[in-house]
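**Student:**
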Amino acid sequence: WELKHRHRTSECVVQHTLFREETRWPGYYYRGDKMKLDDENWHVLTTSHRDRVTGEYKMEKQPLYHLIDEK
């Protein structure tokens, strides 16, 4: 049971990393082919849904709202 869920979680992390076309620091997503941070297009939440029958992921961008102003 635990191994199955760890595998599924790892699979999901890989899907999210491939979906994001940037590197998000510190340590969240690292893409050797997309080394720059791209806040204009990727300062968002990424969400996914996995189809139980096909195993395919549907990836989406969702707005990111800050509760505390970081400036």
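Quick note, in my numbering, the sequence shown goes up one by one and the last residue is 466.
The beta-carbon is built from N, C-alpha and C at its ideal position, and this holds for glycine as well.
Going by Cα to Cα distance, which pick from 414, 439, 440 is closest to residue 428?
**Tutor:** Looking up residue 428 in the sequence shown gives position 33. Comparing Cα-Cα distances from residue 428 to each of 414, 439, 440, the minimum goes to 414.
**Student:** Under 6 Å Cβ to Cβ from residue 419, same chain only, skipping five residues before and after it: list those, please.
**Tutor:** Within the sequence shown, residue 419 is the residue found at index 24, counting from 1. Counting only Cβ-Cβ distances below 6 Å, and skipping sequence neighbours, we find nothing.
**Student:** Which one or two residues does DSSP pair with residue 442 in a beta bridge?
**Tutor:** If you number the sequence shown from 1, residue 442 lands on position 47. Answer is 455, bridged to residue 442.
**Student:** If residue 417 and residue 403 are in contact, beta carbons under 8 Å, what's the gap, nearest whole angstrom?
**Tutor:** In the sequence shown, counting from the first residue as 1, residue 417 sits at position 22. In the sequence shown, counting from the first residue as 1, residue 403 sits at position 8. Not a contact, Cβ separation roughly 25 Å.
**Student:** Could you tell me the alpha carbon to alpha carbon distance between residue 405 and residue 456, rounded to whole angstroms?
**Tutor:** Stepping through the sequence shown from its first residue, residue 405 is reached at position 10. Stepping through the sequence shown from its first residue, residue 456 is reached at position 61. Straight-line Cα distance between these residues: approximately 20 Å.
**Student:** Enumerated in chain order, which unbroken segments of the alpha helix (DSSP H) with a length of 4 residues or greater are wholly contained in the segment 396-435?
**Tutor:** Whole alpha helix (DSSP H) segments, 4+ residues: 397-414.
**Student:** Roughly how many angstroms separate the alpha carbons of residue 436 and residue 446, rounded to a whole number?
**Tutor:** Here residue 436 refers to the residue found at position 41 of the sequence shown. Here residue 446 refers to the residue found at position 51 of the sequence shown. Spanning the two alpha carbons is a distance of roughly 26 Å.
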